[in-house]
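Peer 1:
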Amino acid sequence: MALQAALQKARQLEIAVCVAVCDAGGRLISFARMDGSNWASIYGCQGKALTAAATRCRSGGIPPDSVVMNRIAELEGSRMIYAQGAVPLIRDGILLGAVGVGGASAELDEACALAAAEAVGCDG
Numbered sequence: 005m006a007l008q009a010a011l012q013k014a015r016q017l018e019i020a021v022c023v024a025v026c027d028a029g030g031r032l033i034s035f036a037r038m039d040g041s042n043w044a045s046i047y048g049c050q051g052k053a054l055t056a057a058a059t060r061c062r063s064g065g066i067p068p069d070s071v072v073m074n075r076i077a078e079l080e081g082s083r084m085i086y087a088q089g090a091v092p093l094i095r096d097g098i099l100l101g102a103v104g105v106g107g108a109s110a111e112l113d114e115a116c117a118l119a120a121a122e123a124v125g126c127d128g
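Residue numbers for the sequence shown follow my numbering, so the first one is 5 and each next one is one higher.
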């Protein structure tokens with residue numbers, strides 16, 4: 005449902021993106037790549053989702069020079085991406101996972117991720 009909501013928002017915005025949904029541990033649950041999306045967005049959306057799950061924050065809200073977060077990113081194999089476009093999926097204070105979007109501008113990626121969070125009744 006979150007994945008489909010993000011894709012629907014992307015279609016409304018007339019953009020081609022990749023969307024990744026991960027669990028609370030940052031592991032991929034579902035993924036979609038729209039026709040015409042950039043191949044690099046396959047990795048970008050997953051890295052953003054992992055970052056949002058690990059930090060319980062929007063992926064663009066983490067300072068890239070954070071010593072603690074950079075160390076965590078190293079331990080995670082440098083897969084975390086601190087770019088806008090992912091939101092944690094939190095319901096009743098419990099982290100359920102995160103959704104990351106890549107392929108458009110940072111603002112449009114985040115708009116799609118927020119649509120996904122709203123569709124599943126989560127704060128983003």
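Using N, Cα and C, we set each Cβ at its ideal position, and we do this for glycine too. Computed from a predicted model, the values in this text were never measured in an experiment.
Using C-beta distances below 8 Å, list every residue in its chain close to residue 40, excluding the 5 sequence neighbours before and after it, in chain order.
Peer 2: The residue labelled residue 40 in the question sits at position 36 within the sequence shown. 20.
Peer 1: My assumption, with CB atoms under 8 Å, is that residue 62 sits in contact with residue 114. Please give the rounded CB distance.
Peer 2: As a working note, residue 62 is residue 58 in the sequence shown. As a working note, residue 114 is residue 110 in the sequence shown. About 7 Å; that satisfies the 8 Å criterion.
Peer 1: Since residue 31 contacts residue 51 with CB under 8 Å, what's their CB separation in whole angstroms?
Peer 2: Within the sequence shown, residue 31 is the residue found at index 27, counting from 1. Within the sequence shown, residue 51 is the residue found at index 47, counting from 1. Incorrect: roughly 13 Å between the Cβ atoms, too far for contact.
Peer 1: Bridge partners of residue 26, per DSSP?
Peer 2: Translated into positions along the sequence shown, residue 26 becomes position 22. DSSP lists 32, 102 as partners of residue 26.
Peer 1: What residue range is occupied by the uninterrupted beta strand (DSSP E) comprising residue 94?
Peer 2: Taking the sequence shown and counting its residues from 1, one reaches residue 94 at position 90. It spans 90 to 95 - the beta strand (DSSP E) in which residue 94 sits, taken as one unbroken run.
Peer 1: Can you give me the Cβ contacts of residue 73 inside the same chain, cut-off strictly under 6 Å, excluding the 5 residues immediately before and after it?
Peer 2: Counted from its first residue, the sequence shown places residue 73 at position 69. Cβ neighbours of residue 73 beyond the five flanking positions: 66.
Peer 1: Got a sec, what are the start and stop residues for the alpha helix (DSSP H) residue 113 sits in?
Peer 2: Taking the sequence shown and counting its residues from 1, one reaches residue 113 at position 109. First-last of the alpha helix (DSSP H) with residue 113: 110 to 123.
Peer 1: Would a C-beta distance cut-off of 7 Å place residue 56 and residue 102 closer than the cut-off?
Peer 2: For the purposes of this step, residue 56 is identified with residue 52 of the sequence shown, where counting begins at 1. For the purposes of this step, residue 102 is identified with residue 98 of the sequence shown, where counting begins at 1. Yes, they are a contact pair.
Peer 1: Who does residue 39 pair with in a DSSP beta bridge?
Peer 2: The count along the sequence shown starts at 1 and reaches residue 39 at position 35. DSSP, once it has assigned bridges, lists no residue as partnering residue 39.
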